[in-house]
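> Using full-length UniProt numbering, the letters of the sequence shown correspond one by one to residues 1 to 243. All C-beta atoms, glycine included, are put in the ideal place defined by N, C-alpha and C.
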Amino acid sequence: MPHLLFARDLVKTYNGSSGSTTVLAGISLAIQPGELVTIVGPSGSGKSTLLQCLSGLDSPTSGRVEIEGTDLATLGADAFAEFRRDRLGFVFQSYNLIPALSAFDNIALPTRLSGGSVDKARVRSALSAVGLTEVARQRPSQLSGGQQQRVAIARALAASPALLFADEPTGALDTESGSRVLTLLRTYASGERSVVMVTHDLEAAALGDRVLVLRDGGIHTQLVRPTAVDVFAAVDNARQGRR
Ligand SMILES: Nc1ncnc2c1ncn2[C@@H]1O[C@H](COP(=O)(O)OP(=O)(O)OP(=O)(O)O)[C@@H](O)[C@H]1O
Ligand SMILES: [Mg+2]
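1. Whether or not the segment 214-228 and the segment 36-45 are in contact is what I'm after, with contact meaning three or more pairs of Cβ atoms, one per stretch, closer than 8 Å; do they touch?
2. How far does the alpha helix (DSSP H) with TYR188 in it extend, from its first residue to its last?
3. Where do the N-terminal and C-terminal ends of the beta strand (DSSP E) with PHE6 fall, by residue?
4. In whole angstroms, give me the CA-to-CA distance for GLY56 and ASP174.
5. Give me the Cα-Cα distance between GLU203 and ALA189, rounded to the nearest whole angstrom.
6. What residues come near ligand 1, if near means a beta carbon less than 5 Å from any of its heavy atoms?
7. Return the residue from the list ALA234, VAL211, SER194, VAL231 that minimises the CA-CA distance to ARG87.
8. May I ask which residues mark the beginning and end of the alpha helix (DSSP H) holding GLU66?
9. Are there 16 or more other CB atoms within 10 angstroms of the CB of ASP167, so buried, or fewer, so exposed?
10. Using the Cβ count rule (16 or more neighbours within 10 Å means buried), how would you classify ALA73?
11. Reducing DSSP to helix, strand and coil, say where LEU50 ends up.
12. Pop quiz: ARG210 and GLU35 are said to be a contact at Cβ under 8 Å. What is the actual Cβ separation, rounded to whole angstroms?
13. Flag this pair as yes or no: are the beta carbons of ASP9 and SER28 separated by less than 7 Å?
14. Ends of the beta strand (DSSP E) at SER20?
15. Per DSSP, what kind of secondary structure is ILE219 in: helix, strand or coil?
16. Rounded to the nearest angstrom, what separates GLY146 and ALA172 at their Cα positions?
17. My guess is that VAL231 and ALA205 are in contact by the Cβ rule of under 8 Å, so how many angstroms apart are they, rounded?
18. List the whole-angstrom C-beta distance separating LEU97 from VAL151, where the pair is believed to meet the contact cut-off of C-beta under 8 Å.
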């Protein structure tokens, strides 16, 4: 089966006044269609940076990312914008909702931008899937942080991306909304569609088909269909620098 995403030797360094810092120290990975891959690791281990580089939102200092066989570095800005709009979805911790638009219109926006006609039933079903039917007409400023996060998730899912990147998608959610969102993401990753999710919630991470444990910008451990206990043990080992 061809890879949906293929990354080779990703290095990311930042140059500051006190010298250069290596944030990604040469990461290679592949993601297959239908997979939910979760990424865990201590704060500062490079999880968000990795997600940004895998999704083309940031460029690695060296190394290569291919999605559906396309090397992201070969796409110009316009071609990448189109590719991203048509094939990729993002849920980031800053929700990036448009303040002037209602929850409903925020969800419909990607379809509008790509020139398609908005399927209202699909938008309503996305709102209902995240439990927000009743706030469809409210603007982001009238929503709680958790509600905004769920609108951002509904917006990403409604656009049906082949590959969805999510950074702490349940970070602002209570247990019940969080588990609803996790079920949605778990269900979404099937057939041709994949999800890459960064999380601090190790039980959530254990829903992944594969779990990558990062430490110091490298993949310390990779687990295949682990239990939550396996993930806890691997994260503890990574924290202590044990193998
Ligand atoms: N623009 C930047 N310039 C310099 N250093 C940066 C920059 N962005 C990130 N870093 C550094 O890179 C390291 C990894 O950051 P990253 O955000 O990827 O961590 P993370 O694993 O997502 O952490 P968290 O769990 O806290 O979200 C951190 O030490 C951070 O300070
Ligand atoms: Mg982060």
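According to the structure shown:
1. Using a Cβ-Cβ distance cut-off of 8 Å, the segment 36-45 and the segment 214-228 are in contact, since at least three pairs of beta carbons, one from each stretch, lie closer than that value.
2. Here the alpha helix (DSSP H) through TYR188 covers 175-188.
3. Per DSSP, PHE6 is one residue of the beta strand (DSSP E) stretching across 5-16.
4. So the alpha carbons of these two residues sit roughly 30 Å apart.
5. Taking the straight line joining both Cα atoms gives about 17 Å.
6. Listed by chain position, these are TYR14, VAL23, SER43, GLY44, SER45, GLY46, LYS47, SER48, THR49.
7. Of the candidates ALA234, VAL211, SER194, VAL231, SER194 places its Cα closest to the Cα of ARG87.
8. If you look at GLU66, you'll find it isn't in any alpha helix (DSSP H); it sits in the beta strand (DSSP E) that goes 62-67.
9. Classification for ASP167: buried.
10. By the 10 Å Cβ count, ALA73 comes out exposed.
11. The three-state secondary structure of LEU50, taken from DSSP, is helix.
12. About 7 Å; that satisfies the 8 Å criterion.
13. Result yes, Cβ atoms of ASP9 and SER28 sit closer than 7 Å.
14. Boundaries of the beta strand (DSSP E) around SER20: 19-31.
15. In the structure shown, ILE219 sits in a strand (DSSP, three-state: E or B).
16. Cα to Cα, the separation comes out at about 5 Å.
17. So it is a contact: roughly 5 Å between Cβ atoms.
18. Between LEU97 and VAL151 a beta carbon distance of about 6 Å is seen, short of the 8 Å cut, so the two are scored as contacting.
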